[in-house]
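S.K.:
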Amino acid sequence: MTSILNVGEPAPWFSAATCDTSGENIAFNELAGRHIVLFFLGAGEEPSVQSALAAFTQRTDLFDDDRALLLGISSGPGSGGSRERMLQRQPGQLFLDDSSGAIARGYGVVEPGTTGTQSKVHPTAFILSPALQIVGIVPLTEPTAFAEQVVSLLREHSGKPAFQNAPVLIVPQVFDRSLCAQLIELYEAAGGREIGAIENKGEVVQQFDPKFRKRLDHYISDEDALQRMRVSVERRLAPMVYRAFQFPVTRIERYLVGCYDAVTGGYFRPHRDNTAPPVAHRRFALTINLNEGYEGGHLRFPEYGNQPYSAAPGDAIVFSCSLLHEVTPVTQHRRYAFVTFLYDEQSHRVREANKARADLSGR
1 MTSILNVGEP APWFSAATCD TSGENIAFNE LAGRHIVLFF LGAGEEPSVQ SALAAFTQRT
61 DLFDDDRALL LGISSGPGSG GSRERMLQRQ PGQLFLDDSS GAIARGYGVV EPGTTGTQSK
121 VHPTAFILSP ALQIVGIVPL TEPTAFAEQV VSLLREHSGK PAFQNAPVLI VPQVFDRSLC
181 AQLIELYEAA GGREIGAIEN KGEVVQQFDP KFRKRLDHYI SDEDALQRMR VSVERRLAPM
241 VYRAFQFPVT RIERYLVGCY DAVTGGYFRP HRDNTAPPVA HRRFALTINL NEGYEGGHLR
301 FPEYGNQPYS AAPGDAIVFS CSLLHEVTPV TQHRRYAFVT FLYDEQSHRV REANKARADL
361 SGR
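Going by full-length UniProt numbering, the residue at position 207 of the sequence shown is 207; the numbering climbs one at a time, nothing skipped.
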């Protein structure tokens, strides 16, 4: 059968629970940053599927989490060797549950005439780029030839050098050095704390998983500092954002200083900033470094390669909230940064509507 998707198109996003005993919910979009073999296994019981899985799991030189990930999508519990692999999480391998068949239908690999939980999946592999773009589609016919073709495509594409720059805007001297120093002083006087974040399910949490983020934050309330920040963003940054992205910044979500400390290994794992309803209004993320003299703490955009991005004190880094990004660990001293989100009046209406819905639901 032929998939409804074609090479060159973006892979549809989804979320699903792992097949292992943890049942952890995985957001597919956050797996970007390495090549992925998205393998629809069906129920995982067919000998041809088990044979292909066995061939893939032997290729630890390819499937190591960094270079590539084998992402199996299972519509059933599997049997024999395939079930053992799905229940044991190994480096470079991840198996997700699709017992409803929703993911398989979204990728067009369900046999015609089958629906619901009885959907029959035609085993197929999609080879995806680090930006989750489809670069190859291989239906399973004969296991050995299938595995060889998938591995050949994976080696071909993963061996290509990444020269692509992330669509990032860097604007020098948005904050002057005295404002940077003032913000650090205000942070140190009050101390930082963990501030609630938004999970993919749209729930506000008061404490981060330390495996995901280590950063302490402080909301700035000093009127002099607030006024200086507003004027600086309005006069120095907003015109440059409009020039680069033709986007009229009219609103700033918050005035927050965050600190990544080498003592705790400060970092922020790969994430996107607008994937849950309460933050869907966000359009651009803004980071303004406040100090120097630290090591690490770079911004990185895994969909566009491993290039680190950093800026001098007072310089701004602006990027779309839909980009996957991370802050690499600070290894020496502390990194202070002003971090916020920019949006416009149309986005403000989206924010207010989401707030109203949350109030009605009792959240």
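Quick reminder that beta carbons are idealized off the backbone N, C-alpha and C, glycines included.
Below 8 Å, how does it come out for the stretch 212 to 231 and the stretch 247 to 259: are there three or more Cβ pairs, yes or no?
M.R.: With contact defined as three or more Cβ pairs closer than 8 Å, the stretch 212 to 231 and the stretch 247 to 259 are in contact.
S.K.: I'd like to know if the stretch 290 to 308 and the stretch 172 to 187 are in contact, where contact means that at least 3 CB-CB pairs between them fall below 8 Å.
M.R.: yes
S.K.: Based on Cα-Cα distance, which residue from F126, V171, S221, W13 lies nearest to L186?
M.R.: S221
S.K.: Could you work out which residue in P112, I134, L38 is closest to L53 when comparing CA atoms only?
M.R.: L38
S.K.: For G33 versus P172, is the C-beta spacing smaller than 9 Å?
M.R.: no
S.K.: Hey, E253 and F341: beta-carbon distance below 9 Å or not?
M.R.: yes
S.K.: By the three-class DSSP mapping on this structure, what secondary structure does G258 have?
M.R.: strand
S.K.: Taking Cβ to Cβ, would you say L5 is nearer than 9 Å to I36?
M.R.: One thing to note: L5 has its Cβ no nearer than 9 Å to the Cβ of I36.
S.K.: At which residues does the alpha helix (DSSP H) containing P47 begin and terminate?
M.R.: 47 to 57
S.K.: Kindly indicate which residue of F319, D224, D20 has the alpha-carbon position closest to the one of Q93.
M.R.: D20
S.K.: Quick check: the Cα distance between H122 and S100, rounded to an integer number of angstroms?
M.R.: 15 Å
S.K.: If you run the structure through DSSP and keep just helix, strand and coil, what is D97?
M.R.: D97 falls in the strand class under three-state DSSP.
S.K.: If you follow the beta strand (DSSP E) that E326 is in, where does it begin and where does it stop?
M.R.: 325 to 327
S.K.: What separation, rounded to the nearest whole angstrom, lies between the Cα atoms of E352 and F247?
M.R.: 20 Å
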